[in-house]
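**Student:** I have a structure I would like to understand better, so I am pasting it below and will then ask my questions one at a time.
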Amino acid sequence: MTKQRFGVKFLTLIFLIVFCAGLQRTISAIQNFSFLEKLLAFSPYYLVVSGISWSFIGLIAIFLLWFVKIYHQQMLCICLLFIPTSYWIERFSLFKDSSSQTNFYFSMGVTITYLLFTLFILYFPEINNLFQPGRDVHEQ
147 MTKQRFGVKF LTLIFLIVFC AGLQRTISAI QNFSFLEKLL AFSPYYLVVS
197 GISWSFIGLI AIFLLWFVKI YHQQMLCICL LFIPTSYWIE RFSLFKDSSS
247 QTNFYFSMGV TITYLLFTLF ILYFPEINNL FQPGRDVHEQ
């Protein structure tokens, strides 16, 4: 059995959380579909589709991290950017009332911290070397 580096394990944990959150969003939207139709100003189908897409992105990212190829680093960056981009598009397009904007600065801070931290780990020399040609993925 081979050991993965800490950064790879940590990024895997982040994407596992994204996968689980997307799966939970999908399941909850399906179970409470009729209630959400009455409550929300938009269709609950959006919640189902976005939950499936978050789960799909999470699984792809986990696969890319554990089966490293040279071109996977760019694909991981796309996966990293998908989550906050979809969150902010959803926030600005679906929720128009002022009460949904009360924690704007907190959300912005969490988004910036998430991007800086995950990109730092992804481009940290120890992890970045995994994506270089001629490197063994599980080399210690």
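First residue of the sequence shown: 147, per my numbering; consecutive thereafter.
Beta carbons: idealized from backbone N, C-alpha and C, even for Gly.
1) Taking the C-alpha atoms as reference points, what is the distance between residue 241 and residue 252?
2) Roughly how many whole angstroms lie between the Cα atoms of residue 163 and residue 204?
3) Is it true that the stretch 156-175 meets the stretch 190-207, where meeting means three or more beta-carbon pairs spaced less than 8 Å apart?
4) Can you grab the Cα-Cα spacing for the pair residue 223 / residue 210, in whole Å?
5) Would residue 187 be called buried (16 or more neighbouring beta carbons within 10 Å of its own) or exposed?
**Tutor:** On the basis of the supplied data:
1) 17 Å
2) 8 Å
3) Yes, since at least three Cβ pairs between the stretch 156-175 and the stretch 190-207 fall closer than 8 Å, the two stretches touch.
4) 11 Å
5) exposed
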